[in-house]
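A quick write-up on the structure given underneath.
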Amino acid sequence: MENPRHWRIRKQRYALVGEVCPHCEAKIFPPRDVCPNCGGEAKTQFNFSGKGTVFSFTVMNDAPAGYEKNLPYAVALVKLEEGPIVTAQLTDLGDQPVQIGMPVEMVTRRIRDDGDEKGIIVYGYKFRPAMSSAQ
Amino acid sequence: MSDVVIAGVGQIPVGEHWDVSLRSQATRAVLAAIKDAGGLKPQAMYIGNLLAPTVSHQSNLGALLPDWSNLTGIEGITVEAAGASGGGAFRLGYLAVASGFVDVAIVVGVEKITDVVGPELERAIAESTDYDYELAQGLSLTGQAGLVMQLYLHEYKAPREAFAAFPILAHENAVGNPFAMYRKPINQKAYDSAPMLSEPVNLMDMAPYADGAAAVVLTRRELVPESIRHPLVKVSGSSVSSDTLALHDRTDPLAFDAARLSVEGACRQAGILPQDVDFFELTDSFSIYAVLSLEAAGFAPRGEGWKLGQDGTLRRDGKLPILTMGGFKARGNPLGAAGIYQVVEAALQLRGEAGSNQIPNARRALVQNLGGPASTAVAHVLERVNG
Chain A
542 MENPRHWRIR KQRYALVGEV CPHCEAKIFP PRDVCPNCGG EAKTQFNFSG
592 KGTVFSFTVM NDAPAGYEKN LPYAVALVKL EEGPIVTAQL TDLGDQPVQI
642 GMPVEMVTRR IRDDGDEKGI IVYGYKFRPA MSSAQ
Chain B
58 MSDVVIAGVG QIPVGEHWDV SLRSQATRAV LAAIKDAGGL KPQAMYIGNL
108 LAPTVSHQSN LGALLPDWSN LTGIEGITVE AAGASGGGAF RLGYLAVASG
158 FVDVAIVVGV EKITDVVGPE LERAIAESTD YDYELAQGLS LTGQAGLVMQ
208 LYLHEYKAPR EAFAAFPILA HENAVGNPFA MYRKPINQKA YDSAPMLSEP
258 VNLMDMAPYA DGAAAVVLTR RELVPESIRH PLVKVSGSSV SSDTLALHDR
308 TDPLAFDAAR LSVEGACRQA GILPQDVDFF ELTDSFSIYA VLSLEAAGFA
358 PRGEGWKLGQ DGTLRRDGKL PILTMGGFKA RGNPLGAAGI YQVVEAALQL
408 RGEAGSNQIP NARRALVQNL GGPASTAVAH VLERVNG
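Chains as they are written, first to last, in the working numbering: chain A, 542 to 676; chain B, 58 to 444.
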């Protein structure tokens, strides 16, 4: 059971809450208190738009424990509009092939299931093809 | 500063040792290394290990392993740096002996993966990624390699089938290594038909995780007993560098900056250029990482490392032999022990004891041990001591 840990990062998981550096304006995700761009202290909250593009991707055919039910699943490096790159599963792909450069947007989904009835269900961000581009 | 030398080496075969425990694996390698070192008694043991606390539910190997090797009382500390744990432990042993605070150190890398099977093992290994932001999304080490390789293929238009050269070479070299896990050659067809693990990384792109233990005895040159008949190998350069743990925190995931920095640091200390080495034991935990390691060390321009696999350059009779005893792919990848296997194999080459795999006139080696996608990179320059 890791409830405190999942609870602690709920804002990041559910709403992509990061930081903006007050010194150099860099947008930071996940929040890390020290700006990786300028080294200054960064504690100002920033809400990311959840829009981005696929920077790279893979399709997992073997999963770490806790993720087997989703197999096979696509994981991407998503470059957010505001700059940072996040690792996230892709979802709602249908028959659409994944491509580098593809526009995607964030949605909240179940990302892990600890199995037995006492196990917790972890929700968090995934990304789906951007609605505007799917038409 | 007097030379730090490798006085003895020991290893057990890499494989699935269902009947041998973590502690027995380590003890066998330790005793073999001490014997090879003419019975030198270590004052300190540095242990490279990744999985014992999760997979074997065993912490504090720094007390357990000296105890089981009949060395109770000596200094004992575990080093964990994911797949670079072995290289990191070797670095610590080097620093201790070079500083003069320790006269004789034994460095042992040990990994026990067969205490669990299946997704639990994959997960334990994946805990060396960013747990909150990579593993949480279902990513594993293989997944990371898939992301890197996909980007590489896209960026440089490299032909995917060309990556076969790396596992083919590894398997070719493992045939002559009695300690290797897979001593059978493979061909292009086997590569092309291998099942996909994490697109575009297939089964042949990935080194198999395995049990193993290897050890080396380090001391200063003047302390080597006369009874030792084999040539000595000195450590002439040592460097460790780190990068972001999470792949997504890098602006250029294909740069492998830590790999480059560690090679530069080790070569600078040794007073050489990377081009001056006779062979390069690199980390082919995934074939794409072998390619990026070659580029980071400056042996090929960015985007062209894969070409070195095509013209024989990397074979034992080529200009820059790599993976001379089978590499991670065919010797097997015992994670925290892998970095010590690399050192043992390089030492055997430099001593002229590599059997049918011997590289003629091998006098200087570059050994690089990566943790994850070069999140940690450890590089050492090893040289045969004359006379």
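Ideal Cβ positions, reconstructed from N, Cα and C, are used throughout, including at glycine.
Query raised in the report: Among residues of its own chain, excluding the 5 on either side of Q100 (chain B), which ones have a beta-carbon nearer than 8 Å to its beta-carbon?
Result: Excluding residues within five positions, the ones whose Cβ falls inside 8 Å are I131, E132, V159, D160, V161 and A162.
Query raised in the report: Quick one: complete alpha helix (DSSP H) runs, 4+ long, within the region 281-351 of chain B?
Result: For the region 281-351 of chain B, the continuous alpha helix (DSSP H) assignments of 4+ residues that do not extend past its boundaries occur at 314-327, in sequence order.
Query raised in the report: Leaving out the 5 sequence neighbours to the left and right, which residues in its chain are closer than 8 Å to H287 (chain B) when beta-carbon positions are compared?
Result: The residues are D93, R408 and E410.
Query raised in the report: How big is the Cα-Cα spacing for P224 (chain B) and V281 (chain B)?
Result: Whole-angstrom Cα-Cα distance: 38 Å.
Query raised in the report: Does the beta carbon of M672 (chain A) sit closer than 8 Å to a beta carbon anywhere in chain B?
Result: So no, M672 (chain A) is outside the interface.
Query raised in the report: So, using beta-carbon positions, are G665 (chain A) and R554 (chain A) closer together than 8 Å?
Result: Yes; because the gap between Cβ atoms is below 8 Å, this pair is in contact.
Query raised in the report: Given 8 Å as the limit, is there contact between the region 233-246 of chain B and the region 378-395 of chain B, that is, 3 or more CB pairs closer than that?
Result: Yes, since at least three Cβ pairs between the region 233-246 of chain B and the region 378-395 of chain B fall closer than 8 Å, the two stretches touch.
Query raised in the report: Which residues in chain B sit within 9 Å of P577 (chain A), going by Cβ to Cβ distance?
Result: Ordered by position in chain B, the residues that pass the 9 Å Cβ test against P577 (chain A) are T301 and D306.
Query - L88 (chain B) to L79 (chain B) span [Cα, whole Å] - result: Whole-angstrom Cα-Cα distance: 15 Å.
Requested in this report: To the nearest angstrom, report how far apart S455 (chain B) and S350 (chain B) are at their CA atoms.
Outcome: Residue numbering for chain B in the displayed model covers 58 to 444; residue 455 (chain B) lies beyond these limits and cannot be assessed.
**Report entry** Which of helix, strand or coil DSSP assigns to V558 (chain A)
**Finding:** The three-state secondary structure of V558 (chain A), taken from DSSP, is strand.
Report task. Compare the C-alpha of R148 (chain B) against each of B:D262, B:N230, B:T276 and B:H437 and name the closest. Result -> Ranking the options by Cα distance to R148 (chain B), first place goes to B:H437.
Query - 8 Å Cβ cutoff, Q586 (chain A) in contact with chain B - result: The beta carbon of Q586 (chain A) does not come within 8 Å of any beta carbon belonging to chain B, so the residue lies off that interface.
Query - N-terminal and C-terminal residue of the alpha helix (DSSP H) that H211 (chain B) is part of - result: Counting along the chain, the alpha helix (DSSP H) containing H211 (chain B) begins and ends at L198 to Y213.
Requested in this report: Could you tell me whether the region 569-583 of chain A touches the region 215-230 of chain B, using the rule of 3 or more Cβ pairs below 8 Å?
Outcome: The region 569-583 of chain A and the region 215-230 of chain B do not touch, with fewer than 3 CB-CB distances between them shorter than 8 Å.
Query raised in the report: What does a CB cutoff of less than 7 Å around G72 (chain B) pick up in its chain, not counting 5 residues either side in sequence?
Result: Apart from the 5 residues on each side of it in sequence, G72 (chain B) sits with its Cβ closer than 7 Å to the Cβ of M238, A267, D268 and G389 in its chain, given in chain order.
Query raised in the report: Given that S597 (chain A) touches chain B, what residues does it touch there, using C-beta distances under 7 Å?
Result: Result: L204, Q207 and L208.
Query raised in the report: In three-state DSSP terms, what is A675 (chain A)?
Result: With a pLDDT of 48 at A675 (chain A), under the threshold of 50, the modelled position of this residue cannot be trusted, and the question is left open.
Requested in this report: Indicate the three-state DSSP secondary structure (helix, strand or coil) for D124 (chain B) in the structure shown.
Outcome: In this structure, DSSP gives D124 (chain B) a helical state, which the three-state scheme calls helix.
Query raised in the report: So is M58 (chain B) buried or exposed if we call it buried at 16+ other beta carbons inside 10 Å?
Result: Classification for M58 (chain B): exposed.
Requested in this report: Just tell me which of A:A617, A:L612, A:M601 and A:C579 has its CA closest to the CA of V595 (chain A).
Outcome: The candidate whose alpha carbon is nearest that of V595 (chain A) is A:A617.
Query raised in the report: By Cβ distance, which residues of its chain are closer than 8 Å to N602 (chain A), with the 5 residues on each side in sequence left out?
Result: The answer, listed in chain order, is L612 and P613.
Query raised in the report: To the nearest angstrom, how far is it from the Cα of S156 (chain B) to the Cα of D60 (chain B)?
Result: One Cα belongs to S156 (chain B), the other to D60 (chain B), and the distance between them is close to 11 Å.
Requested in this report: For A675 (chain A), decide whether its Cβ has a neighbour in chain B, counting only Cβ atoms nearer than 8 Å.
Outcome: Below a pLDDT of 50, predicted positions are generally treated as unreliable, and A675 (chain A), at 48, falls in that range; no measurement from the model is reported.
**Report entry** Collapsed DSSP secondary structure at V77 (chain B) in the structure displayed
**Finding:** In the three-state DSSP reduction, V77 (chain B) falls in the coil class, being neither helix nor strand.
Query raised in the report: With a CB to CB cut of under 8 Å and the five nearest residues on each side skipped, what residues in its chain are close to P310 (chain B)?
Result: Taken in chain order, the residues that qualify are L204, V205, L208, L304 and P430.
Query raised in the report: Hey, does P605 (chain A) have any beta-carbon neighbour from chain B nearer than 8 Å?
Result: For P605 (chain A), a Cβ of chain B is located within less than 8 Å of the residue's own Cβ.
Query raised in the report: S590 (chain A) to C562 (chain A), Cα distance in whole Å?
Result: When rounded, the distance between both Cα atoms is 17 Å.
Query raised in the report: Do three or more CB pairs link the region 315-331 of chain B to the region 410-419 of chain B at distances below 8 Å?
Result: No contact exists between the region 315-331 of chain B and the region 410-419 of chain B.
Query raised in the report: Straight-line CA distance for Y213 (chain B) to S298 (chain B)?
Result: Their Cα atoms are separated by approximately 26 Å.
Query raised in the report: Listed from N- to C-terminal order along the chain, which residues in the region 635-652 of chain A have their beta-carbon within a distance smaller than 7 Å of any beta-carbon of chain B?
Result: Across the region 635-652 of chain A, CB contacts with chain B closer than 7 Å involve I641 and I652, in sequence order along the chain.
Report task. Decide if G412 (chain B) is buried, meaning its Cβ has at least 16 other Cβ atoms within 10 Å, or exposed. Result -> Looking at its Cβ environment, which holds fewer than 16 other Cβ atoms inside 10 Å, G412 (chain B) is exposed.
Report task. Kindly indicate which three-state DSSP category S156 (chain B) falls into: helix, strand or coil? Result -> Assigned with DSSP and collapsed to three states, S156 (chain B) falls in helix.
Requested in this report: Using a Cβ cut-off of 8 Å, pull out every chain B residue sitting near G665 (chain A), in sequence order please.
Outcome: Chain B residues near G665 (chain A): A193 and Q194.
**Report entry** Beta carbon proximity, A183 (chain B) to chain A, threshold 8 Å
**Finding:** So, interface residue.
**Report entry** Whole-angstrom distance between L275 (chain B) and V435 (chain B), CA atom to CA atom
**Finding:** A direct Cα-Cα distance of roughly 17 Å separates V435 (chain B) from L275 (chain B).
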